[in-house]
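Chains as they are written, first to last, in this note's numbering: chain Y, 248 to 393; chain S, 248 to 393.
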DNA sequence: TTGTAATTGAGAATCAATCGCAATAAGCTT
DNA sequence: AAGCTTATTGCGATTGATTCTCAATTACAA
Ligand SMILES: [Mn+2]
Ligand SMILES: [Mn+2]
Ligand SMILES: [Zn+2]
Ligand SMILES: [Zn+2]
C-alpha cells in the first residue's frame with residue numbers, strides 16, 4: 248500500500264499535479280476498504296474519520312485514481328457507479344444478486360482468452376472489459392419462489 | 248412487429264394496465280429504429296414526428312417495455328443508459344470504441360457456455376448478463392498514435 | 001353510455017455530479 | 001528559509017437527467 252501511494256505521487260508529479268493531504272487520505276481510505284466502494288460510502292468514511300473533506304474533492308480525485316491505474320469503475324448496473332482497487336487485483340467478472348445485493352467475483356481464464364479472440368477477429372484493441380451476470384445467488388434462489 | 252405490439256398489449260392487459268396510443272407510438276418508434284437507442288433520441292424522434300408526447304411518458308413506459316421482454320438495457324458505460332430490442336435479437340456482447348463511439352456487436356456461444364458453467368459452479372441462477380469490451384476499433388487503432 | 005381507475009402532460013422536485021470562485025497551499029526556484 | 005507560480009480546496013450555486021405531483025383525460029369493462 249505504501250507502494251500504491253508512491254505510484255499515485257509519481258503519477259501526479261508526471262502531470263504537474265500536486266500530492267495533497269486530501270488526495271493521500273482519499274487513497275488511503277480506498278486502500279483500507281475491503282471490496283467495492285462508491286462515492287457515497289467513501290465520503291461518509293472520510294467525513295466521519297476526519298472532519299472536513301469535501302465531496303467535490305472526492306469526485307475530482309476519482310479520475311486521477313483511475314488514470315493512475317489504482318482503481319477502476321466496475322459496475323454501473325445499479326443507481327451509482329461502483330469502483331474497486333485494480334492494482335494487484337486480477338481481472339474478474341461479477342455475479343450480482345438482484346434479491347439480496349450480494350456480489351460474487353469469479354475469474355475465468357478461458358473466457359478471457361475467448362474475449363481476446365473476439366478482439367482479434369474484429370481487429371479491435373481492447374483497453375477494458377466487463378462481464379456482469381445478474382440473477383439469484385445460492386441463498387436467494389433456494390429460499391422460496393423461483 | 249405486429250406481433251410485438253400484440254405482446255405488449257397482452258402484457259399490459261395482464262397487469263391491468265392500459266394500451267394507450269402513446270404507448271403504442273413509443274413501441275412503434277422503437278421497432279422502427281435500427282440499433283441501440285436512448286431516451287433522448289427516442290424523445291426527439293417521437294417529438295418531431297408527432298407534436299406532443301411527454302418525456303415523462305417515455306420514461307414511464309421503458310420499465311413496461313423491459314418487463315414485457317421487448318427491450319432491454321444494454322449499456323451504461325457512457326452518460327446515459329442505452330437500450331435495444333430484445334425479442335428475436337439473439338444475445339450478444341459489445342465492442343465499444345472509445346475514440347469514435349462506434350459499437351460492434353459479437354456473438355460467441357463458447358463464451359455463453361462458459362458463463363453458464365460459472366453460474367453452475369456458484370449455484371447462481373442468472374437472469375441477465377452483459378459483456379462489454381472497450382477500446383479502439385479497427386479504423387481508430389490504425390489511424391495514428393498507439 | 002356509465003363508472004372507475006389508470007394515464008397523460010406540464011411543471012415542480014430531486015439528487016448526483018459538476019462548476020465558479022476566492023482563499024489556501026504544494027513544490028520549484030532563489 | 002522565503003518567494004512565486006499555479007494547482008487545489010471547500011463552499012455554495014448550478015446543471016441535467018430522472019422522478020414526482022396533480023388535475024384533466026381516457027381506456028376499457030360492465
Ligand atoms: Mn470486483
Ligand atoms: Mn446490441
Ligand atoms: Zn441473494
Ligand atoms: Zn473507432
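Ideal Cβ positions, reconstructed from N, Cα and C, are used throughout, including at glycine.
Three-state secondary structure assigned by DSSP to residue i
i, result
"residue 273 of chain S", "helix"
"residue 378 of chain S", "strand"
"residue 393 of chain S", "A caution first: residue 393 of chain S carries a pLDDT of 44, below 50, which makes its placement in the model too unreliable to give a value."
"residue 354 of chain S", "coil"
"residue 349 of chain S", "coil"
"residue 317 of chain S", "coil"
"residue 342 of chain S", "strand"
"residue 255 of chain Y", "helix"
"residue 281 of chain S", "coil"
"residue 310 of chain Y", "helix"
"residue 373 of chain Y", "strand"
"residue 291 of chain S", "helix"
Beta-carbon spacing of residue i, residue j below 7 Å
i, j, result
"residue 284 of chain Y", "residue 330 of chain Y", "yes"
"residue 286 of chain Y", "residue 313 of chain Y", "no"
"residue 315 of chain S", "residue 255 of chain S", "yes"
"residue 300 of chain S", "residue 289 of chain S", "no"
"residue 334 of chain Y", "residue 361 of chain Y", "no"
"residue 266 of chain Y", "residue 259 of chain Y", "yes"
Within chain Y, the residues that residue i reaches when beta carbons sit closer than 7 Å
i, result
"residue 357 of chain S", "361"
Residue from the options whose Cα sits closest to the Cα of residue i
i, options, result
"residue 385 of chain Y", "Y:347, Y:292, Y:337 and Y:371", "Y:347"
"residue 343 of chain Y", "Y:363, Y:322, Y:357 and Y:360", "Y:322"
"residue 345 of chain S", "S:267, S:365 and S:381", "S:381"
"residue 377 of chain S", "Y:341, Y:359 and Y:277", "Y:341"
"residue 319 of chain Y", "Y:274, Y:365, Y:253 and Y:349", "Y:274"
"residue 339 of chain S", "S:279, S:358 and S:369", "S:358"
"residue 354 of chain Y", "S:332, S:253, S:280 and S:368", "S:368"
"residue 332 of chain S", "S:295, S:279, S:370 and S:326", "S:279"
"residue 371 of chain S", "Y:311, Y:261, Y:373 and Y:352", "Y:352"
"residue 349 of chain Y", "Y:257, Y:363, Y:271 and Y:282", "Y:282"
"residue 310 of chain Y", "Y:270, Y:298 and Y:373", "Y:270"
"residue 374 of chain Y", "S:263, S:383, S:327 and S:291", "S:383"
"residue 337 of chain S", "S:276, S:356 and S:326", "S:356"
Residues that residue i contacts on chain Y, provided the C-beta gap is smaller than 8 Å
i, result
"residue 323 of chain S", "323 and 324"
"residue 265 of chain S", "Near residue 265 of chain S there are no residues of chain Y at all, since even the closest Cβ is about 28 Å away, more than 8 Å."
"residue 388 of chain S", "370, 371 and 372"
Chain S residues whose Cβ lies nearer than 9 Å to that of residue i
i, result
"residue 342 of chain Y", "365, 366, 369, 371 and 373"
Residue i CB to nearest heavy atom of ligand 6 below 6 Å
i, result
"residue 349 of chain Y", "Annotation note on ligand 6: not contained in the displayed structure, which lists ligand 1, ligand 2, ligand 3 and ligand 4 as its ligands."
Quiz prompt | Short-range partners of chain Y found in the segment 366-384 of chain S, where Cβ spacing is below 9 Å | solution = Contacts with chain Y (Cβ-Cβ distance below 9 Å) from the segment 366-384 of chain S involve 366, 368, 369, 370, 371, 372, 373, 374, 375, 376, 377, 378, 379, 380, 381, 382, 383 and 384, listed in chain order.
Quiz prompt | Interface residues of the segment 344-355 of chain Y facing chain S [CB-CB below 9 Å] | solution = 344, 345, 351, 353 and 355
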